[in-house]
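Report on the following structure.
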Amino acid sequence: MRLSRRVLLTAAPGLCLALIATGCGGGGTGGGSASSADRSAEIEAALEEGGKLTVWTWSTKFDDAVAAFEEEYPGVDVEIVNAGQSADQYTALQNAISSGENIPDVAMIEYFALPELALSEQLVSIDEWGLGGLEDRFTPSSWRQMTYGDATYGLPNNTGPLIMLYNTRVFEEAGVEEPPATWEEYAAAAEKIKKEMPDSRIASIDPGDAGGLDSLIWQGGGRPFQHEGESVTVDFTGEDTQKVNDYWSDLVSRDLVAAEPGWTDEWWRSLGDGSLATWTTGAWALGNISSTLTDNAGDFRVAPAPVWDADDPQNAENGGSGFSVVEGSDDTALAMGFLKWFSLNEASVDAQLDAGSFPAQSAPLEDPEWLSKEFEYFGGQQANKVLAEASGQVSEGWQYLPYQVYANSVFGDSVGSAISGGGSVQGGAEKWGEQLRSYGEDQGFDVR
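Letter by letter, the sequence shown follows residues -23 to -1, 1 to 425 of mature numbering (1 follows the signal peptide of the UniProt record, and there is no 0).
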């Protein structure tokens, strides 16, 4: 069976990714190649000649890194464009490619979206430009997430190994002496917080956040999504997947956690006033909480996310993205040169770290100076040591669907409604799976 020229409809209305019928067999993708030719001379010549590059990103953490690049290569003019966040940017990207106008040279791509964009041949394989040999410069998990089939479609930039932010003031008042190291201890702490502080809960679970539940399932050993070439598996009935879903169903049903959307003003207030005691999230969140809850300096600390087995701690990631060169770039060689420099040059990486990015690059995670940095907001804690340990424990084998952008967009219809209504998270997940299998079949995948 070959994939037909069907359309992948993703989260944002109007975004469609055309599948190329001849490009999806054998576990690979249309334009990918596992070879890594040496084109360094061509790339260096493009950098020396100069030109203009357009980089799409919605983050403001990269401005200083781009300025450092332009200082080293004054003949290159880099324009940073915010074309919308996440799915909105992917919509704009498809529209630009379809029209052949205003195509960026480089774009920020979240890991969950990369398979979809690689499958539809919108990204250039770095293997074709000799950058495939850079794998050991990045964390294993981040490199895997920039790979689809047998090719790599960009360089990792930032990651989000799961960690737990907790409010020491709430823990002290509730009599929780230590941050819970296991999910069993976490449930016990949730009971204590509710008993001692009836208006507080240990955390909220977001009914609209597919990535949040995905990362918890990943950490628990579940692997509901798998794909190879045209074959896709969507299965929420695995033992480890059910274990995680049933755990959160239990906490929701006993009113030990709140079913509350994240990132709203109300949610931030709940974190700030102690109504929510913890936030299990990606390592990137340290900058978000310190810049938003400025009045809470000294209240929060960083701890490893609770695990299922204290003797064999396994972790996952929540969020993260890389940068890819886009098919249709006016100067692919120059774009590849920028991508390599931006991703690995010390001045660039330092600027990104200073801006609060958590690195996918391996070097900072082993740097004693970075590891020993004290965070005043977190009571002088050397938080990077916790983050680096969390990154090193990310387990293998996780995959996103080649239509994950769509999957995330319909999460709230099934799992989200179960969470909001105090029902079975597992039941909602199985309904979600039915919807995703049907959608995949409609797009021409062989779905199991």
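Quick reminder that beta carbons are idealized off the backbone N, C-alpha and C, glycines included.
Fair warning: this is a prediction, and the values are worked out from it, not measured in the lab.
Taking the straight line between their C-alpha atoms, what separation do you get for residue i and residue j?
i      : j    : result
F388   : A367 : 27 Å
S76    : N134 : 29 Å
V32    : F335 : 20 Å
N322   : K38  : 16 Å
G405   : T214 : 12 Å
S247   : Y143 : 13 Å
A14    : A280 : 43 Å
L(-21) : Y163 : Residue confidence for L(-21) is low, a pLDDT of 38 falling below 50, so the modelled location carries little weight and cannot support an answer.
D191   : F422 : 22 Å
L111   : W347 : 22 Å
D307   : I182 : 44 Å
D419   : A310 : 37 Å
G199   : D289 : 15 Å
E19    : F319 : 18 Å
N72    : A64  : 12 Å
A262   : S394 : 26 Å
P156   : G333 : 24 Å
Y67    : E98  : 13 Å
D176   : E48  : 53 Å
G264   : E26  : 37 Å
E243   : P184 : 15 Å
A90    : Q381 : 6 Å
C(-8)  : I74  : Since pLDDT at C(-8) reaches only 35, below the 50 mark, its modelled position is unreliable, and no value is offered.
V211   : P201 : 5 Å
D344   : D40  : 23 Å
G305   : V55  : 17 Å
A60    : A23  : 26 Å
L193   : G259 : 11 Å
Y88    : S230 : 32 Å
T241   : E411 : 30 Å
M174   : L316 : 50 Å
E154   : K362 : 21 Å
Would you say residue i and residue j are within 8 Å of each other, going by their C-beta atoms?
i    : j    : result
R121 : Q338 : no
A158 : P283 : yes
V234 : A312 : no
L364 : I179 : no
V303 : A69  : no
G28  : V53  : yes
T116 : M123 : no
L100 : L108 : no
A340 : A42  : no
N80  : S301 : Correcting the residue type first, residue 80 is Ile in the shown sequence and not Asn. No. Outside cutoff.
V147 : A254 : yes
W375 : W195 : yes
L228 : W245 : no
Can you list, in chain order, the residues of its chain with a C-beta nearer than 6 Å to that of residue i? Leave out the 5 residues immediately preceding and following it.
i    : result
W409 : S391, V392
S226 : S401, V402
F352 : Q358, A360
G2   : Confidence at G2 is low in this model, with a pLDDT of 31, below 50, so its placement is unreliable and the value that follows should be read with caution. Excluding sequence neighbours, G2 sits near G206.
A384 : L378, L413
V424 : V209, R414, G417, E418
S170 : A small correction: the amino acid at residue 170 is Ile; Ser does not occupy that position in the sequence shown. Once the five neighbours on either side are set aside, the close Cβ partners of I170 are A151, S177, I179, A254.
P238 : D183, G185
A187 : N385, F388
W35  : N59, Q62
Ignore the nearest five residues each way along the sequence and tell me which others in residue i's own chain have a CB closer than 8 Å to its CB.
i    : result
E21  : G314
S10  : A caution first: S10 carries a pLDDT of 42, below 50, which makes its placement in the model unreliable, though a value can still be read off. Here the set comprises S102, D104, E105, D127, A128.
G4   : With a pLDDT of only 32 at G4, under 50, the local geometry of the prediction cannot be trusted, and the value read off the model is given with reservation. G126, D127, E205, G206, listed in sequence order.
S17  : G107
E149 : none
Less than 7 Å between C-beta atoms, sequence neighbours within five positions excluded: which residues of the same chain meet that for residue i?
i    : result
E197 : Here residue 197 is Gly; the residue named in the question, Glu, does not match the sequence. The residues are D217, K220, V221, W285.
V371 : S118, P138, N292, A293, E294
N273 : G249
G356 : G275, R278
T257 : L139, M141, A180, A282
S267 : Y354
A324 : A45
Y224 : W160
On the DSSP bridge assignment, give the partners of residue i in chain order.
i           : result
L378        : Answer by DSSP bridge pairing: none, since L378 is not bridged.
T271        : According to DSSP, T271 bridges with nothing at all.
L29         : Note that residue 29 corresponds to Lys in the displayed sequence, not to Leu. DSSP output for K29 lists D54 as bridge partner(s).
R178        : L253
residue 427 : In this structure the chain extends from -23 to 425, so residue 427 is not present and cannot be described.
Y143        : T255, R278
L132        : F300
residue 426 : A question about residue 426 goes unanswered here, because the residues of the chain that appear run from -23 up to 425.
residue 435 : Absent from the structure is residue 435, since the part of the chain shown begins at -23 and ends at 425.
Y125        : A128
Validate contact between the region 123 to 137 and the region 296 to 310 using beta carbons, cut 8 Å, 3 pairs: Contact between the region 123 to 137 and the region 296 to 310 is present, because at least three Cβ pairs lie under 8 Å.
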